[in-house]
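Here the structure comes first, spelled out in structure tokens, and everything after it is commentary.
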DNA sequence: CTGAAAGCGCTAACAG
DNA sequence: CTGTTAGCGCTTTCAG
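Protein chains in written order, with our numbering: chain G, 1 to 342; chain U, 1 to 342.
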């Protein structure tokens with residue numbers, strides 16, 4: 001556990017050159033340095049197992065090569081993929097990420113932003129609860145001196161140089177369209193709470209898809225509840241018991257879809273044999289549980305990846321003092337995953 | 001996006017004291033500083049929204065307040081809880097964590113360790129693939145100058161100041177014992193590959209529990225395959241078709257348990273009504289899918305939490321140059337979760 | 001082609 | 001009680 005590590009100073013002494021020369025060589029800024037000294041220095045550095053001290057460098061360059069990732073909770077299955085996407089892009093560009101779990105708690109978020117600022121991160125990727133007032137968001141990101149990219153959020157705040165969103169309306173529209181193309185006409189929709197924009201967009205996409213085909217939808221086909229397996233079961237039971245004829249069910253998320261499929265198995269005789277089921281594959285990998293399920297896969301990994309890309313681009317531009325201040329917006333599509341019944 | 005932030009120098013000038021005074025006050029090392037100057041400095045610091053520059057401090061103190069977390073893949077449902085545990089403890093102690101996904105790739109691991117060392121992390125918490133030779137592990141952690149805590153691994157390597165493990169043997173033993181206490185006597189065991197110590201320990205626990213009760217087990221009761229839902233289904237079918245009488249099944253992980261329960265539903269008439277099913281709740285939260293399932297919940301969160309605790313303890317001791325070099329080992333128990341049928 | 005020198009922002013003795 | 005003085009390890013003009 002030796003703390004002692006070689007410095008460029010020691011290398012310089014050993015190589016009998018100045019520390020400036022060593023620094024330049026080690027940073028590949030050796031335009032005008034002779035091959036001989038160059039090799040000599042490099043050899044010594046390797047021998048002594050030189051490890052640059054990032055702190056010292058950062059003190060001068062004002063860049064740490066670290067970006068902060070602020071999310072509600074990595075334990076929520078929605079986030080690991082995002083985190084992975086961010087990390088992958090970051091490490092491609094030789095950035096590290098510091099991860100912060102806020103539990104959707106404003107105070108914690110503020111505190112983390114503060115810490116990240118002290119730690120001199122070069123930028124921040126942040127997602128926060130969809131149920132949050134705009135003023136709060138502003139307060140949170142206020143006073144933070146680094147570029148920010150939002151994931152799954154669409155506020156306009158100074159410092160926010162980018163946003164990555166998914167088009168839920170379109171995804172929902174296409175999912176329903178897929179069912180329609182398959183010949184289904186009576187498509188029920190089971191969703192969780194409608195108090196997030198995501199949920200409302202999905203519902204609108206469903207309605208729009210039907211309207212486009214001139215199919216009027218019936219309010220009785222729409223069941224609003226919770227994003228839980230149990231609600232998938234209950235809502236499906238309701239549909240059956242209410243004697244509403246349906247030949248397909250579209251589920252607002254994968255938990256609901258899992259529940260719905262469970263329930264349908266019990267009603268094999270009461271519903272069409274080839275009933276169409278579709279769900280959003282948000283979090284629980286419904287497909288692992290119900291391999292026959294067709295889903296709209298949310299591009300979580302991609303969201304993280306593009307967010308990091310946007311951020312790093314912004315960081316670099318800024319360090320070049322380019323002052324092009326339009327915030328970029330990337331809207332990603334969900335992907336229809338059709339599986340064969342097993 | 002102002003990069004300019006106030007320094008203690010400016011505060012010192014404004015308060016008409018020396019920078020040393022300001023530094024001491026801001027670090028609560030103001031044993032002998034008058035209340036008046038103290039308040040004056042604090043007031044100015046607040047007014048100017050002073051943010052300490054961690055880089056500059058770290059350069060001197062050789063402490064960054066950052067811990068590296070090296071894991072195979074945050075996307076693997078085994079790790080988010082661990083990561084959360086590490087982060088929670090870390091943030092309690094005002095440490096941040098940098099997360100690295102190695103994909104069980106030695107080269108990547110080496111590279112990350114290198115980067116973390118450059119970034120001057122104060123310590124590292126690492127988990128790596130169970131299928132790995134000891135020599136490799138040594139090579140990886142070699143040359144790394146900071147304290148290390150291993151999660152779910154038990155190698156003895158310099159720098160490793162702690163290990164956090166779960167007692168799989170005991171967990172398995174207790175799970176089977178639970179079934180025995182319930183009156184089950186013919187307990188089958190479906191496991192994945194036996195080439196990890198975890199899997200072997202679990203199998204041994206199963207055998208030991210039976211032996212303790214003087215129950216001889218039959219090799220036909222043990223099905224070795226993969227940790228997948230499909231294997232749970234197939235193995236269960238096998239058991240039924242082979243006409244081996246069993247009144248309970250113990251599953252090596254939750255995917256297998258999910259598969260097994262699926263299969264059993266199809267054989268309702270061929271197996272005892274009150275068949276006992278038990279599984280390890282490692283990764284997929286089997287309980288969400290099959291709420292009636294009794295499981296041994298792996299203490300992932302706790303592993304992370306204790307690992308961070310051990311590491312931080314070690315970091316502090318080291319900074320105090322205490323040279324007590326025994327590596328601590330924490331062995332955690334899984335927790336039996338009995339659920340009511342829904 | 002290379003070296004000297006001036007810091008980055010902060011801490012930590014050591015004087016007064 | 002507070003100020004002076006050295007650096008931490010590195011980058012970066014600017015002279016030679």
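Glycine included, C-beta positions come from ideal geometry on N, C-alpha and C.
Comparing C-alpha distances from residue 251 of chain G to each of G:240, G:271, G:225, G:272 shows the shortest one belongs to G:225. Taking C-beta separations shorter than 7 angstroms and ignoring five residues to either side along the sequence, the partners of residue 255 of chain G in its chain run 227, 228, 229, 232, 284, following chain order. Taking the Cα positions, residue 334 of chain U is about 10 angstroms away from residue 175 of chain U.
Cβ contact annotation for residue 42 of chain G (same chain, cutoff 7 angstroms, sequence separation greater than five): 25, in chain order.
The beta carbon of residue 56 of chain G falls within 9 angstroms of a beta carbon belonging to chain U, placing the residue at that interface.
Look at the segment 68–88 of chain G: the residues with a C-beta under 9 angstroms from a C-beta of chain U are 68, 69, 73, 74, 75, 76, 77, 79, 80, 81, 83, 84, 87, 88. Excluding sequence positions up to five before and after residue 184 of chain G, its CB lies within less than 6 angstroms of the CB of 247, 248, 276, all in the same chain and listed in chain order. Closest in C-alpha terms to residue 303 of chain U, from the list U:44, U:11, U:125, comes U:125. For residue 189 of chain U, the enclosing beta strand (DSSP E) has its first and last residue at 187–191. Proximity of chain G to residue 96 of chain U at the Cβ level (cut-off 7 angstroms) is accounted for by 98, 115, 119, in chain order.
Among the residues of the segment 4–38 of chain U, those with a Cβ less than 8 angstroms away from any Cβ of chain G are 5, in the order of the chain. For a Cβ distance threshold of 8 angstroms, residue set 53, 55, 56, 59 of chain G lies close to residue 59 of chain U, ordered along the chain. Taking 9 angstroms as the cut-off, the beta carbon of residue 65 of chain G is found no closer than this to the beta carbon of residue 75 of chain G. Residue 219 of chain U is positioned such that its CB atom lies no closer than 9 angstroms to that of residue 173 of chain U. The segment 144–157 of chain U makes no contact with the segment 93–110 of chain U: fewer than 3 CB pairs, one atom from each, lie closer than 8 angstroms. Here residue 156 of chain U carries a coil assignment [DSSP, helix/strand/coil].
Residue-level contact check: residue 64 of chain U touches chain G, since one or more beta carbons of chain G fall below 9 angstroms from its beta carbon. Chain order gives no chain G residues near residue 339 of chain U, where near means a beta carbon separation below 7 angstroms; the closest approach is about 14 angstroms. Proximity to residue 52 of chain G across G:23, G:181, G:144 peaks at G:23, based on C-alpha coordinates. Annotation for residue 206 of chain G: 172, 176, 189, 250 place their beta carbon closer than 7 angstroms to its own, counting only its chain and skipping 5 residues before and after.
Shown here, residue 296 of chain U sits in a strand according to DSSP, grouped into three states.
In this structure, residue 280 of chain G sits away from residue 240 of chain G, with a CB-CB distance that is not shorter than 9 angstroms. According to DSSP, residue pairing for residue 96 of chain U in a beta bridge involves U:66.
For residue 164 of chain U, the CB contacts under 6 angstroms within the same chain, skipping 5 residues up- and downstream, are 151, 303, 306, 307, 330 in chain order.
Among the residues of chain G, those whose CB is under 7 angstroms from the CB of residue 101 of chain U are 84, 87, following chain order. The count of Cβ pairs closer than 8 angstroms, one atom from the segment 75–92 of chain G and one from the segment 72–90 of chain U, reaches three, so the stretches are in contact.
Residue contact check for residue 301 of chain G against chain U: a CB pair falls below 9 angstroms. From the listed residues U:117, U:182, U:57, the smallest Cα separation to residue 294 of chain U is found for U:182.
Annotated three-state conformation of residue 255 of chain U is helix, per DSSP. In this structure, residue 14 of chain U sits near residue 48 of chain U, with a CB-CB distance shorter than 9 angstroms. Note on residue 117 of chain G: 16 or more other CB atoms within 10 angstroms of its CB, so buried under the neighbour-count rule. Comparing C-alpha distances from residue 271 of chain G to each of G:314, G:187, G:310, G:318 shows the shortest one belongs to G:187. Put simply, the CB of residue 156 of chain G is far from chain U, with every gap to its CB atoms at 9 angstroms or more.
Annotation for residue 120 of chain U: no beta strand (DSSP E) segment contains it, and DSSP assigns it neither H nor E. Interface with chain G (9 angstroms Cβ-Cβ cutoff): residue 91 of chain U is included. Look at residue 232 of chain G here: in three-state DSSP terms it is helix.
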